[in-house]
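Encoded as structure tokens, the structure appears first; notes follow it.
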Amino acid sequence: MKCPYCGNSDTRVIDSRPADDNSSIRRRRCCDECGKRFTTYEKIETIPLIVIKKDNNREQYARAKIESGILSACYKRPVPADAIKAAVDEVELQIFNREEKEIPSSQIGEIVMERLKTLDPVAYVRFASVYRQFKDVNTFMEELKMFLE
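The following block contains the structure:
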């Protein structure tokens, strides 16, 4: 592993343990050249997942997009960062548990909305308004009625 401080390629592992999510390994490393310490995370390499967009274009799955969507929905809401990370982890786990090589973006959106329902109702409505592209107040009210039932 290359040292992020001096670029030396000779570093050694000081400590290894499971990361918080139990799906990766956290390694503490020390550079033999400069003596500085840093942390790396080792994760299982998965088969690349392809997302089928609404216009039938295909692109590689990106966790950052789900994270960004959930963060935007929770903007200025009393939702802790740990809860947001946990929500992203749960959504990702559901997506990969399907064991499919391709997944429509609409299914991902539905999974995110289901998770946001339990996380924060306002975040759910915010996400739904963008995801479902509400055209007017009536569509917005219909979604709210479905949520309240």
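Under the UniProt record's numbering, think of the first position of the sequence shown as 1, with each following residue one higher.
Heads up, the beta-carbon is just placed ideally off N, CA and C, and yes, glycines get one too.
From which residue to which residue does the alpha helix (DSSP H) around residue i run?
i, result
"residue 90", "81-97"
If you reduce the DSSP assignment to three classes, tell me which class residue i lands in.
i, result
"residue 126", "helix"
"residue 61", "coil"
"residue 72", "helix"
"residue 115", "helix"
Just to confirm the assignment, what range does the beta strand (DSSP E) spanning residue i have?
i, result
"residue 42", "37-43"
"residue 102", "102-104"
"residue 16", "11-18"
"residue 24", "24-31"
In terms of alpha-carbon separation, which member of the options lies closest to residue i?
i, options, result
"residue 8", "18, 31, 51", "31"
"residue 16", "2, 33, 41", "41"
"residue 83", "21, 132, 53", "21"
"residue 28", "1, 6, 54, 52", "1"
"residue 58", "102, 3, 10", "102"
"residue 115", "33, 85, 139", "85"
"residue 10", "18, 144, 35", "35"
"residue 55", "132, 61, 18, 105", "105"
"residue 107", "23, 52, 24, 148", "52"
"residue 62", "123, 89, 73, 80", "89"
Let me know if residue i comes out buried or exposed under the rule of 16 or more other beta-carbons within 10 Å of its beta-carbon.
i, result
"residue 93", "exposed"
"residue 127", "buried"
"residue 130", "exposed"
"residue 50", "exposed"
"residue 118", "exposed"
"residue 64", "exposed"
"residue 120", "buried"
"residue 39", "exposed"
"residue 137", "exposed"
"residue 141", "exposed"
"residue 146", "exposed"
"residue 66", "buried"
Taking 8 Å as the threshold, find out whether the stretch 95-102 comes into contact with the stretch 37-45 through three or more Cβ pairs. Not touching, per the Cβ criterion.
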